[in-house]
Every structure is written in C-alpha cells, then in structure tokens.
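Here is the structure we will look at, set down as structure tokens.
Have a look at this one:
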C-alpha cells in the first residue's frame, strides 16, 4: 500500500537516526531521499537504505560527521565532507554557491571526502528555486562502466544535473546519469527479480544481457548510447567531464585509482555551480525566454497524441503530483528488506506491511 509522502519521509528519517545520525542531519538527508521517491526517481530514495546500512555497519561512513570549509574565495569554496553521506554536505555546498552567486554573480563549490549524495537534481533545483542557473556533478563510488571499446570497468554512472528558472514551480531540470540507466534502476529490478530491458548491461565478454545480477559477475553497465555504433562515446565523454569537475577539481579520489573502492572511507567528489542570469540581462527577461522556449518545445506536434512532448523536469513533476495524492509505492521485496533493517536497528516501523 503506497504511503503518504510525510510518512515515507519520516520512515527514512527514523532509520537514519537509529543508526546514530544526528537528528538535524537525519531530517535533512531524509528530505533529499524522499524527494527522489516522490518524483519517481526510485533509484535514489528508500531503495538506498540497504546499501547505506551495510556501509554503516561496516563502519565505512562517518555517520555523525560535520562538513567543513577548507579553502574559500569570494566566488568559490572547497568543502571536506569528512567521509559522511553527502546529502548534508551537498546542501551546504549548494547553499554556499548560491550565496556567492547572489553576491558576485557566480558561485562554485567543490567537495571531497564525501559519499553518495542522492539525486543530483535536488541540488540543481535549489539554485533554480533561488532564481539562478545551477549545475551539479558527482563522481561515483562504484566502478561499473567500461569506456567505449573497453572490456574493463573504469568509470561509474557519473551523473550530472542542470537547472534553470522559468515559470514558477516549473524550472528546466535535467538530471541524468552518463550511463544508459542509473545503477539504482538495475538494483530495483534485482530486488524484485525482474529482467532488464536490452541495452542496459553487457557480460564481461561484451555481450548483451538482461540479467540484473550481471554486473556482480564482472559484467558492465553501458555508457549513454549503449554501443560505439550508437554513439556511446558521448556518454563516455560526459563521464570524463563529470570526473574532472567533481574529482580532479576537488582533489577527491580518482575512480581510475586501483584503491578507489578499497579505502575504509570513500573519497568521492561533488561539483556545484550557481550563475546569476543578472550578469548578462534582466533576470525576469531571462526567465520569460526560458518559459517561451520550453513551451514551444511542449507545443511540438507529437507522434502519438496521447504522448505529448515534454521538457526536462516535466515527468518528475507529474510523478510528484500523482504520488503526493496517491502515496509513494515501494516494491514488496524492498519493503521487506527495509523493514528488517528498521527492526534490527530499533527504528519504529511506519510503512505497514
């Protein structure tokens, strides 16, 4: 039975707090995770709890860390995440970038010594909600993707997000992995014992597979484009850009480092940029042009009248509207796993059977 958003979010918060995360951090992290589930980004919400719990039990995360600024200028900040989950650090980093952009026109924050921070789009949307252009990238913890023409994993899903303010409540909001699909969507298929669509993964011999457990046996996720013939070099190139901005700029661990996944505390990097359109023109005129541009795209004649043309951010907003009314669904196998974790760590169970 789908649970109301508030209860779903509270369940995540209670579990995080039971692990020892400070109350304010648990609430902040739960908000980022529940945002993903509300908007239909099911790979980045409550489905992360089992993996996060494993890392917590192994003491491979500083659960109560406070991020710190280690270097700063009028337009930039370097932040150390202290080996904690990246949600609180990510919100701090984007808040700093926003503040600097409002003061100087542009603000950039780089983060090192962090862990997974959820959906990139949450942070890019923070900038758009403040009337700014936002861009966010993050390096990855897992090495799961072979470069184009490669038969060895060297990259992660390496996502990026871009947001621009337009009509109130309707920013242009692109949030994407540089792989064909986010790793969490493969994990969700595995949780429910479902096959993958063709093109998501390859065997270690480079052959197509629909098995959601393939990457655990040495197989690879595919870069955006799927194959060299399908222009996977584009996804591969974007992944390179993401790692340069998020890891090389911050001094985080390079995903190509053989020790990247072997250190007790991972050291992945994030990148946040906020730009004030007022540097170039009247902000209201900029927003009006974003609205005009997006509406013109939506007005495109569709191939199927029942499937209108959308703009980045539209599907997620439609999901959020529906799930706010109907509740947030969780797959039965995942729900069983999360309930077992809640019982094991002493968190109250709020989501029912």
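In the numbering used here, the protein residues as written are 9 to 361.
Ideal Cβ positions, reconstructed from N, Cα and C, are used throughout, including at glycine.
Here the structure is a predicted model, which means the values were calculated and not measured.
- Item | Residue range of the unbroken beta strand (DSSP E) whose run includes residue 51 | Looking at the DSSP string, residue 51 is not in any beta strand (DSSP E), and its letter there is neither H nor E.
- Does the stretch 17 to 27 come close enough to the stretch 295 to 310 that 3 or more CB-CB pairs lie under 8 Å? no
- Got a sec, what are the start and stop residues for the beta strand (DSSP E) residue 78 sits in? 76 to 81
- Proximity to residue 259 [Cα-Cα], best of 318, 49, 350, 85: 85
- Specify the secondary structure class of residue 263 as computed by DSSP and reduced to three states. coil
- Query: Going by beta carbon distance, what residues of the same chain come within less than 6 Å of residue 274, once the five residues before and after it are set aside?
  - Reply: 123, 149
- Which ranges does the beta strand (DSSP E) cover as unbroken runs of at least 3 residues, wholly within the stretch 208 to 295, from first to last along the chain? 276 to 283
- Item | Coarse secondary structure for residue 15, derived from DSSP in three states | helix
- Decide yes or no for the touch test of the stretch 169 to 179 against the stretch 226 to 233: beta carbon pairs closer than 8 Å, at least 3 of them. no
- Can you tell me where the alpha helix (DSSP H) with residue 343 in it begins and where it stops? 340 to 353
- Query: Thinking C-alpha only, which one of 284, 317, 175 is nearest residue 115?
  - Reply: 284
- Query: Does the distance from the C-beta atom of residue 92 to that of residue 78 stay below 8 Å?
  - Reply: no
- Task: Could you work out which residue in 28, 71, 153, 185 is closest to residue 212 when comparing CA atoms only?
- Result: 153
- Short check: CB of residue 69 to CB of residue 180, under 8 Å? no
- Neighbour-count burial assignment, residue 166, 16 or more Cβ in a 10 Å radius: buried
- Message: Going residue by residue through the stretch 121 to 166, where are the continuous beta strand (DSSP E) segments of at least 3 residues, counting only ones entirely within it?
- Response: 141 to 146
- Starting from residue 187, follow its DSSP beta bridges and name the residues at the other end. 231
- Measure the beta-carbon distance from residue 207 to residue 216 and round it to whole angstroms, keeping in mind my assumption that it falls under 8 Å. 7 Å
- Residue span of the beta strand (DSSP E) that contains residue 202, given as start and end: First-last for residue 202: undefined, no H or E at that position.
- Look up residue 68 in the DSSP assignment and say whether it is helix, strand or coil. coil
- Query: Going by beta carbon distance, what residues of the same chain come within less than 8 Å of residue 140, once the five residues before and after it are set aside?
  - Reply: 106, 109, 110, 173, 282, 283, 284, 285
- Between the beta-carbon of residue 164 and the beta-carbon of residue 125, is there less than 8 Å? no
- residue 119 versus residue 314: straight-line alpha-carbon distance, rounded: 43 Å
- Taking Cβ to Cβ, would you say residue 178 is nearer than 8 Å to residue 321? yes
- Query: How big is the Cα-Cα spacing for residue 162 and residue 75?
  - Reply: 28 Å
- Which residue's Cα is closest to the Cα of residue 42: 130, 218, 31? 130
- Query: Closest to residue 187 by CA distance: which of 57, 290, 246 is it?
  - Reply: 246
- Rounded Cβ spacing between residue 55 and residue 195 (contact assumed at less than 8 Å): 6 Å
- Using DSSP with H/G/I as helix, E/B as strand and the rest coil, what is residue 170? strand
- Query: Between residue 200 and the rest of its own chain, which residues show a CB-CB distance below 6 Å, the 5 nearest in sequence each way excluded?
  - Reply: 339, 341
- Task: Could you please give the first and the last residue of the uninterrupted beta strand (DSSP E) stretch that includes residue 87?
- Result: 84 to 92
- Buried or exposed: which applies to residue 8, given that a residue is buried once 16 or more other Cβ atoms fall within 10 Å of its Cβ? As shown, the chain starts at 9 and ends at 361. That puts residue 8 outside it, with no answer to give.
- Could you tell me if residue 133 is buried or exposed, where buried requires 16 or more neighbouring beta carbons within 10 angstroms of its beta carbon? buried
- Query: From which residue to which residue does the alpha helix (DSSP H) around residue 309 run?
  - Reply: Segment: none, residue 309 is in no alpha helix (DSSP H) and carries neither H nor E.
- Task: Please work out which residues of its chain come closer than 7 Å, Cβ to Cβ, to residue 26, disregarding the five sequence neighbours upstream and downstream, and give them in chain order.
- Result: 353, 354, 355
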